[in-house]
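If you use full-length UniProt numbering, the sequence shown corresponds to residues 1 to 288, in order.
Backbone N, C-alpha and C fix where the C-beta goes; we use that ideal spot for every residue, glycine too.
Here's the structure we're looking at; comments come further down.
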Amino acid sequence: MHSSLKSSAVLLVLVFTLLTGCSGTPQATSGAVPGDGGVPGFYTWAGDLPSRPGELLRSEPLTPQQGLKSAALNIRILYTSTDGRSNGPIAVSGALFIPEGTPPKGGWPLMAWAHGTVGSADVCAPSFAGRSGRDTRYLNEWLGRGYAIVATDYEGLGTPGLHPFGLSSPLAYGVLDSIRAVQRADFNLSSRVVVFGQSQGGRAAFATAVYKKTYAPELNIVGVVATGTPYPMASGHAGDIGQDTSRDQVMPSLAYNLLRLSTAGLINPSFVATDYLSDRAQPAFGVS
Numbered sequence: 001m002h003s004s005l006k007s008s009a010v011l012l013v014l015v016f017t018l019l020t021g022c023s024g025t026p027q028a029t030s031g032a033v034p035g036d037g038g039v040p041g042f043y044t045w046a047g048d049l050p051s052r053p054g055e056l057l058r059s060e061p062l063t064p065q066q067g068l069k070s071a072a073l074n075i076r077i078l079y080t081s082t083d084g085r086s087n088g089p090i091a092v093s094g095a096l097f098i099p100e101g102t103p104p105k106g107g108w109p110l111m112a113w114a115h116g117t118v119g120s121a122d123v124c125a126p127s128f129a130g131r132s133g134r135d136t137r138y139l140n141e142w143l144g145r146g147y148a149i150v151a152t153d154y155e156g157l158g159t160p161g162l163h164p165f166g167l168s169s170p171l172a173y174g175v176l177d178s179i180r181a182v183q184r185a186d187f188n189l190s191s192r193v194v195v196f197g198q199s200q201g202g203r204a205a206f207a208t209a210v211y212k213k214t215y216a217p218e219l220n221i222v223g224v225v226a227t228g229t230p231y232p233m234a235s236g237h238a239g240d241i242g243q244d245t246s247r248d249q250v251m252p253s254l255a256y257n258l259l260r261l262s263t264a265g266l267i268n269p270s271f272v273a274t275d276y277l278s279d280r281a282q283p284a285f286g287v288s
């Protein structure tokens, strides 16, 4: 295979691998916002949104494919939150899992789960597309230990609008308001919360610990665990990697950079992502 075609093929494979959480789901419908649509009407709130973040708007049962086998109740939720860019009210989706058995005195201890990167289209939302085998095993283990789990989809995943990949405040708001929403409702939950996140969710968990102090000081978050948290690589190491990478190789991080390009357009409307992409890269950007 010609080197340029080989590089393009590898990049597309990386993007498709990144988006495996969306495999087998309906395609997002075309519209003003790339990736919007393809999900049930549950995810779109047609009425006026309450101004207070962390209000449960509605809930419904998850399907067996979307739920966790160790949960007595698998519930899809829609709740109010805050737009991480405009600070206006928005709706965010997610899921709540209640363990088997009788809750202890004070209610079920609550774990807030922040998922890793699944893509940026609505159909990639874990409450709709389901979860990876690894995440499913991990969350079932916590359910077996007697923890209820609330799992946000994040702003723009499932719900209308572009998912602002790479921005910290929308991730933190999504986690914090998911906790508020289920604790304010009648689910017999403890006030004590632990936050866990992996990869993109590691960033979300870390941001949750930071923003909690000013955004949701009333919450009783007793611990935060962030694994696989993205971080900026030191310039010296980045240079070394660049020197060792041939034109026929594609760095896995490039797939994530495609998602960041769409976020750049949210921050600066005059930014046109395709102006910074070669003809070979543009198909991969469309897939992402």
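Item: Output the distance between the C-alpha atoms of Pro230 and Thr208, rounded to the nearest integer angstrom.; Value: 15 Å
Item: Just checking my contact of Phe187 with Leu96 at CB under 8 Å: how many whole Å lie between their CB atoms?; Value: 7 Å
Item: If you draw a straight line from the C-alpha of Gly107 to the C-alpha of Ala121, how long is it?; Value: 35 Å
Item: For Tyr79 and Leu56, which I take to be in contact (beta-carbon distance under 8 Å), what is that distance rounded to the nearest angstrom?; Value: 5 Å
Item: Nearest by alpha-carbon distance to Gly88: which of Val150, Gly35, Tyr173, Ala148 is it?; Value: Tyr173
Item: Shortest alpha-carbon distance to Gly119 belongs to which of Glu218, Arg280, Gly201, Thr227?; Value: Gly201
Item: Is residue 374 helix, strand or coil by DSSP?; Value: Here the chain has residues from 1 to 288 only, and residue 374 is not among them.
Item: With a threshold of 8 Å, are at least 3 pairs of Cβ atoms found where one atom belongs to the region 63–75 and the other to the region 134–150?; Value: yes
Item: So, helix, strand or coil for Gln282, using DSSP?; Value: helix
Item: What first and last residue would you give for the beta strand (DSSP E) that runs through Thr80?; Value: 71–82
Item: Are the beta-carbon atoms belonging to Pro109 and Gly84 less than 8 Å from one another?; Value: no
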